[in-house]
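Below is one structure, written out as structure tokens; comments come after it.
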Amino acid sequence: MKETIIRTEEEIEKSRIWYNKGVILASKEEHGEAIKCFEESIKYDPEHFLPWFAKGTSLSRLKRYDEAIESFDKALQVSPSDEKCLSNKAHCLYELKRYQEALECIDQAIKLNPNLQVLWSIRGGCLRALGRSTEAIESFDRVLAIDSGWYTAWYNKGLILFERGEITSAIDCLKKAIKIKPDYTMAISLLKDCEEELSVAQKKDLFLGKYEIREIKEGGMGKVYIVWDTQLKATFALKTLKDEFIDNIRRWRLFRREAEFWIKFGAHPNIVLAFEIEEFEGKLYIKMEYVDGVSLREYINTLRKSGIEGSDYAISIGSLRLDLTKILDFAVQFCTGMEYVNTVDFGIPGLHTVHRDVKPENLLITQKGTLKITDFGLLAVFTEEEENLSIRTLEQSLPSHLMSQGHFGGTIPYMSPEQISGERSLDQRSDIYSFAIVLYEMLTGQRPFKKMERPEIFKVPGKFKINIPDELIDIIEKCLVKDREKRIYKDFKTLKEALLKIYSRLYEMDYFSNLKYRDISSEIEYKLLTKLLSAISLARLGRHEEAIVKLDEMLEHDPENCDAWYNKAVCLMNLCQHSQAITCFDSALKFYRSEEPDEEFLVHLWTAKAATYDYMGEYQKAIECCDKAIEIDPSWVGAIGNKGNALTHLGRYQEAFALYDRALKINPRDFMAWYNKGVCYRKAFNDYENDLECQQKALEINPMFYTAYYEKGLIYVQIEEFEKGLICFQKAKSIAPDISLPKEVADTIIKKAYHLESEGRHKEALYCYKMLTAMVPENALVWISQGCCLLQLERYEEAIKCFDQAISLDLNNYMPYLDKGIALFQLRKYAQALKCFNKVLEIYPAHNNAQTARKMCLEELKKSTIAQSPELKESFDLIRKLIKND
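Under the numbering used here, think of the first position of the sequence shown as 583, with each following residue one higher.
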């Protein structure tokens, strides 16, 4: 127990005098002299909190942070719960870049006073330094929730958003900081950088030089660019993920799945047409038709502002009026679109689709009155066997219960009870329920349920402000029954038929005779374009055979279509049918119309043809093709890089380096140039350090570039850092699970493993085999090699598991049976070993080693007393028979 020293009144008074003198000096920024005074004060009363705290504060002002921390620690010994002292100590730790310690200190202070802005501000700085940007933003948001005028918080939030590439959001924050403090130079400087970057992003060849950005729209996780395609001379929408999700492999793969489903729908007047997938710097973009109109939400919002008069809606947007006729028309169109969606063949028998996010925001209305369904990001495809449900969905981790409005399973106010409860076995009735809410909202301007946490069975209000037919009220009630088993309408076809009956009775005409305004451009204007872009999209998904089928269909109608010949050539190149690809490239050149020059097309064509020759090992021809492309466009980095690759293969490394550097000077973010330059370092000089540096730069630009992870893994194998290598290979596999392990990588790992085994370094060799089994688990020989390595390490049980895996993959290969028998023999499991050797001889009767091993097993079993036990009598009889036969 610490002894308490009682100070005299004189000592306490002298301590107070020195402390006050120090405070005065510190207020004049004379911290050196102030510290001397605080030390005198401490000499007279070392258990007084204030002089220790003040000394620490002055020391921190002089940037003597280590000494300041010691003083703050002394102060905290006296008063452990002083949040200002904890805050100052955290600041010193932050300045010393001891961020984790600072964070622990701040969290302790926040528990004492959660409403002190400076604590949350320091916390945000620490989290930013630790790379935890989302938590950092949350901390600065806490600062601003306490005091929205804290301009440094706006600046720091803007800085983090800028670092994350969220330029538009960063600009908003920085403008708020400058509004509060107009002379805030740091914010002014960063705002200038943001605006320049945004301007560059909007003007440069953001999407491979093809698009001019007209507008940018943002949602929860996605971003949509409205662009002008300079090649096709048309407006499109490009949907992508926000930057904060770009390195999230799971979201990246789910987004790709969304694109695959959406493109599969093809053209239908009531579905937003998705043409293809584009990829640029690791980001995927879904290229969609641009709908020149408004969302149904905008209609309804206008309805709310305008009010409802009499039997007609007093609303017009463009050339349209929103009345009961139009509402019924939209309802029928929606049902038609969803009916079509459920007829699309996904290549899996017995499936049906569920949109899961039906709401006014996802229904677009063209200027001519066509309703188009969009945003299939939550689309799910279900089997009909509910008890053995197999769900193929773009959001696999649907929780068992709904947690918040941000839940990925849909939008709460429009979700069916079964969707809210987290049931996975959804069907069309769930989307029908959601659409009934939309229909009600179109009719009344508001949703039927005020509280959506536990929706009750819908009851229609007693009075409507417009005349709604009883039949329509009845339809809505039936759609909104809480128990889906009691809902009358099981699919959109039957719902549409009910709506058509109401339309015919009200207006005494057939619905389909009143379609003069219908916009069918997506069926007519885009017909040929859809076929070409669909083929391109299939190719980008790796479905080259399907793409070739569509391209051949085009060539039947237009045999001189150079675009079709070019894209067919690219597909054939990816299928390693290189000679046929060259023939198609030549056809594309033959039918190229020189009277309508398209230099960019020619550059792409010569570059792709060069890549094909490179694959064929005809490097000089590849160089000649690259030269033709470079002659047309000296700044085309694709051709420059491909020429560098050909030169690398020819061993002309210095020329290759010069070309890679030239490409990177033109575009420092050309990740392919960084990748190839790294490979050149390895091949030319075995320079693994520079290769690793180049691969890292490639991955900083494109985190989804799995080939760079393969290269990094290969380097780590060469320098025998096997654990790092395995991590890289697993990362590559997680990004591209369907891509085979490159032959060069596999060969390098196997050679390394054999070399290590020849030196008796079996443990290191085992790492190599584990890499291979992780990357190519379907390869029986790899499992056999790993098992044999384990045999050398006398880890027989593990070896047997490897041999069993090999046997499951290749039942007719005698090798795993032989090696498994050896492992069992070493474990003295002679009867089991004998079965393995017999299996070898069944497959390969003349195998001498198996014959010898079988005899050894039989001899051991003769000696064994265990063989006399009743349990093995049957086995022993067999053995005696075998001995007799021998």
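Ideal placement from N, C-alpha and C gives every residue a C-beta, glycine not left out.
Contacting residues, own chain, Cβ-Cβ under 6 angstroms from residue i (five flanking each side not counted)
| i | result |
| --- | --- |
| residue 1314 | 1288, 1291, 1292 |
| residue 1419 | 1403, 1432, 1435, 1436 |
| residue 701 | 669, 688, 691, 692 |
| residue 723 | none |
| residue 822 | 805, 865, 867 |
| residue 817 | 810, 872 |
| residue 1185 | 1211, 1214, 1215, 1218 |
| residue 887 | Only weak support exists for where residue 887 lies, its pLDDT of 47 falling under 50; the value from the coordinates is given anyway. There are no such residues. |
| residue 1387 | 1365 |
| residue 1231 | 1201 |
| residue 620 | 604, 633, 636, 637 |
| residue 1147 | 1166, 1169, 1170 |
| residue 1174 | 1144 |
| residue 600 | 619, 622, 623 |
Backbone CA spacing between residue i and residue j [nearest angstrom]
| i | j | result |
| --- | --- | --- |
| residue 596 | residue 606 | 16 angstroms |
| residue 998 | residue 1005 | 10 angstroms |
| residue 582 | residue 1227 | Only positions 583 to 1468 of the chain appear in this structure, which leaves residue 582 out of reach. |
| residue 1167 | residue 1176 | 16 angstroms |
| residue 1197 | residue 1161 | 11 angstroms |
| residue 711 | residue 1159 | 50 angstroms |
| residue 898 | residue 745 | Low per-residue confidence applies at residue 898: pLDDT is 38, beneath 50, and the placement is therefore not dependable enough to give any value. |
| residue 951 | residue 1060 | 27 angstroms |
| residue 1075 | residue 730 | 53 angstroms |
| residue 1183 | residue 1128 | 23 angstroms |
| residue 1391 | residue 1360 | 7 angstroms |
| residue 1261 | residue 1273 | 6 angstroms |
| residue 1136 | residue 1142 | 10 angstroms |
| residue 1406 | residue 1395 | 18 angstroms |
| residue 1264 | residue 1397 | 36 angstroms |
| residue 728 | residue 686 | 22 angstroms |
| residue 1428 | residue 1421 | 12 angstroms |
| residue 771 | residue 777 | 10 angstroms |
| residue 1088 | residue 1000 | 34 angstroms |
| residue 750 | residue 757 | 11 angstroms |
| residue 854 | residue 1056 | 30 angstroms |
| residue 1317 | residue 661 | 53 angstroms |
| residue 800 | residue 1354 | 42 angstroms |
| residue 591 | residue 631 | 17 angstroms |
| residue 1103 | residue 1053 | With a pLDDT of 42 at residue 1103, under the threshold of 50, the modelled position of that residue is not reliable, and the figure given next carries that caveat. Taking the straight line joining both Cα atoms gives about 34 angstroms. |
When the options are compared against residue i, the one with the closest alpha-carbon
| i | options | result |
| --- | --- | --- |
| residue 1155 | 1141, 1067, 1187 | 1187 |
| residue 580 | 1431, 1410, 1433, 672 | This structure cannot settle anything about residue 580, because the visible part of the chain is limited to 583 through 1468. |
| residue 1348 | 940, 1329, 1014, 1373 | 1373 |
| residue 754 | 646, 1383, 1052, 773 | 773 |
| residue 938 | 639, 923, 949 | 923 |
| residue 1010 | 1073, 696, 662, 1262 | 1073 |
| residue 1015 | 1200, 936, 1051 | 936 |
| residue 1258 | 1280, 1169, 661, 1201 | 1280 |
| residue 819 | 837, 874, 850, 770 | 874 |
| residue 860 | 920, 800, 1118 | 1118 |
| residue 1481 | 658, 1296, 1248, 1380 | Lying outside 583 to 1468, the shown extent of the chain, residue 1481 is not represented and no answer is given. |
Residue i: CB within 7 angstroms of a non-hydrogen atom of the ligand MG
| i | result |
| --- | --- |
| residue 1128 | Judged by which ligands are present, the structure shown has none, so any question about the ligand MG falls away. |
7 angstroms Cβ shell around residue i - same chain, five flanking residues per side excluded
| i | result |
| --- | --- |
| residue 909 | 1024, 1025 |
| residue 844 | 856, 868, 958 |
| residue 1150 | 1130, 1133, 1166 |
| residue 653 | 634, 637, 638, 641 |
| residue 650 | 638, 641, 642, 674 |
| residue 837 | 823, 866 |
Cut-off 8 angstroms between Cβ atoms - residues of its own chain near residue i, not counting five sequence neighbours on either side
| i | result |
| --- | --- |
| residue 1346 | 1302, 1304, 1338 |
| residue 721 | 702, 703, 705, 706, 709 |
Open item on the list: With three or more C-beta pairs closer than 8 angstroms as the rule, is the stretch 1241-1254 touching the stretch 1213-1225?
Closed with: Contact holds: three or more Cβ-Cβ distances are below 8 angstroms.
- [ ] May I have a chain-ordered list of the alpha helix (DSSP H) segments no shorter than 4 residues that lie completely inside the stretch 1167-1218?
- [x] Runs of the alpha helix (DSSP H) inside the stretch 1167-1218: 1181-1198, 1201-1214.
Task: Segment contact, 8 angstroms Cβ cut-off, at least three pairs: the stretch 864-877 with the stretch 1318-1325 - done: Fewer than three beta-carbon pairs drawn from the stretch 864-877 and the stretch 1318-1325 are found closer than 8 angstroms, and the two stretches are therefore not classed as touching.
Task: Residue ranges of each alpha helix (DSSP H) within the stretch 1239-1309, 4 or longer - done: The stretch 1239-1309 contains these whole alpha helix (DSSP H) runs: 1253-1267, 1270-1283, 1288-1300.
Task: alpha helix (DSSP H) runs wholly inside the stretch 920-959, at least 4 long, in chain order - done: Within the stretch 920-959, no run of alpha helix (DSSP H) at least 4 residues long lies entirely inside it.
Task: Segments assigned beta strand (DSSP E), at least 3 residues, entirely inside the stretch 1390-1422 - done: Taking only runs of at least 3 residues, no beta strand (DSSP E) segment lies wholly in the stretch 1390-1422.
Task: Unbroken stretches of the alpha helix (DSSP H), 4 residues or longer, contained in the stretch 1319-1373 - done: You should have 1325-1340, 1344-1357.
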